[in-house]
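With full-length UniProt numbering, you'll find the first sequence wraps up at 266, consecutive numbering, no jumps.
Built from N, CA and C at the ideal position, the CB exists for glycine as well.
Treat the numbers as computed from the prediction; the structure is a model and nothing was measured.
Following: one structure in structure tokens, then a few remarks.
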Amino acid sequence: MMEKKRTDCPALPPGWKKEEVIRKSGLSAGKSDVYYYSPSGKKFRSKPQLSRYLGNSVDLGCFDFRTGKMMPGKLQKNKQRLRHDLLSLGKGGKPDLNTALPIRQTASIFKQPVTKVTSHPGNKVKTDLQRASEQPRQLFWERRLKGLRSSDITEEVLRTMDLPKGLQSVGPDSSDDTLLSAIASALHMSSAPITGQTSVAAEKNPAIWLNTSQPLCKAFAVTDEHIREQELKVYQARRSLEDALMADGLARAAENTRELLQGKTA
DNA sequence: AGATTCGGCGT
DNA sequence: ACGCCGAATCT
1 MMEKKRTDCP ALPPGWKKEE VIRKSGLSAG KSDVYYYSPS GKKFRSKPQL SRYLGNSVDL
61 GCFDFRTGKM MPGKLQKNKQ RLRHDLLSLG KGGKPDLNTA LPIRQTASIF KQPVTKVTSH
121 PGNKVKTDLQ RASEQPRQLF WERRLKGLRS SDITEEVLRT MDLPKGLQSV GPDSSDDTLL
181 SAIASALHMS SAPITGQTSV AAEKNPAIWL NTSQPLCKAF AVTDEHIREQ ELKVYQARRS
241 LEDALMADGL ARAAENTREL LQGKTA
């Protein structure tokens with residue numbers, strides 16, 4: 001009997017495995033079926049099935065089931081939805097990441113979808129121009145950023161950054177993943193200093209005491225040591241950039257010379 | 001009964 | 001052409 005290979009799948013949470021089985025007879029001989037296995041061993045044979053199970057914890061919007069890789073080029077192609085996404089872009093051009101419907105966060109082992117109500121006939125349009133400038137945000141909205149990965153033009157997913165030791169998150173999600181996104185967002189969205197949650201009350205009961213203009217992390221201290229480490233990183237990055245530019249420059253010069261000798265025009 | 005496998009519908 | 005899933009077949 002042929003051994004079936006279950007390989008790790010880096011695009012999914014740790015412990016998930018992927019398997020490809022080639023059809024060996026029938027009209028579809030030679031084609032293949034792809035299966036995924038959860039860390040507990042449950043088998044999944046389609047993207048909808050996988051999506052139902054993972055709920056909102058992983059956005060499979062750009063997950064390619066056949067290859068098992070994230071393909072940032074692929075948005076869900078729903079004509080109606082595409083228009084909605086364009087309209088819902090913020091001023092800064094941030095994409096609408098809310099691809100999947102929210103999932104009821106209960107202890108039930110069966111994920112139950114939430115009914116999304118988008119029209120509320122009783123509502124009045126806000127007339128207070130003072131407050132209209134700042135749009136309301138969901139508490140702990142940073143959790144939506146969980147699992148986001150940057151990728152280069154070859155659509156390969158880039159390694160994530162490491163966070164300085166000692167940073168601690170506040171709120172319902174303690175993953176480094178969300179923490180990094182929250183801090184990065186805070187740095188981008190405001191020029192105000194980032195201090196983290198300075199009140200002790202916020203750590204005990206963030207749902208009530210959270211300072212919403214600060215990221216979901218505990219107050220932290222930046223030491224001279226931190227600064228020296230960061231300066232070293234910047235120095236090293238500049239060095240490798242310099243080397244890369246130098247190598248590129250030499251390559252271009254060589255090519256230009258070759259073309260000149262062959263009589264090409266620029 | 002559960003796992004495996006291919007057919008075939010719908011897009 | 002392919003994703004998804006029903007159901008026949010296998011263990």
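- Annotated three-state conformation of Ile194 is coil, per DSSP.
- Its Cα nearest to that of Met161, the residue Arg149 stands out among Arg149, Ser169, Val170.
- For Arg143 and Gln168, the gap between their C-alpha atoms comes out near 15 angstroms.
- Looking at the DSSP output, Lys43 bridges to Tyr37.
- Shortest Cα-Cα distance from Val222 to any of Ile194, Lys233, Ala237, Glu203 involves Ile194.
- Going by beta carbons, Ala182 and Pro215 fall inside the 8 angstroms limit.
- DSSP places Val21 inside the beta strand (DSSP E), whose first and last residues are 17-22.
- Inclusion of Val157 and Met246 in the CB contact set at 8 angstroms is not warranted, their separation being larger than that value.
- Distance check between Lys18 and each of Ala253, Lys24, Asp243, Cys9 places Cys9 closest, using alpha-carbon atoms only.
- Counting C-beta pairs closer than 8 angstroms gives three or more between the segment 20-40 and the segment 53-69, which meets the contact rule.
- In terms of Cβ geometry, Asp173 and Leu163 do not form a close pair [threshold 8 angstroms].
- Scanning Ala184, Ala202, Glu225, Gly30 for the CA closest to the CA of Leu145 turns up Ala184.
- Rounded to whole angstroms, the gap between the alpha carbons of Val234 and Ser240 is 10 angstroms.
- A direct Cα-Cα distance of roughly 11 angstroms separates Ser51 from Leu12.
- The residue from Ala192, Phe220, Leu180 with its alpha-carbon nearest to that of Thr198 is Phe220.
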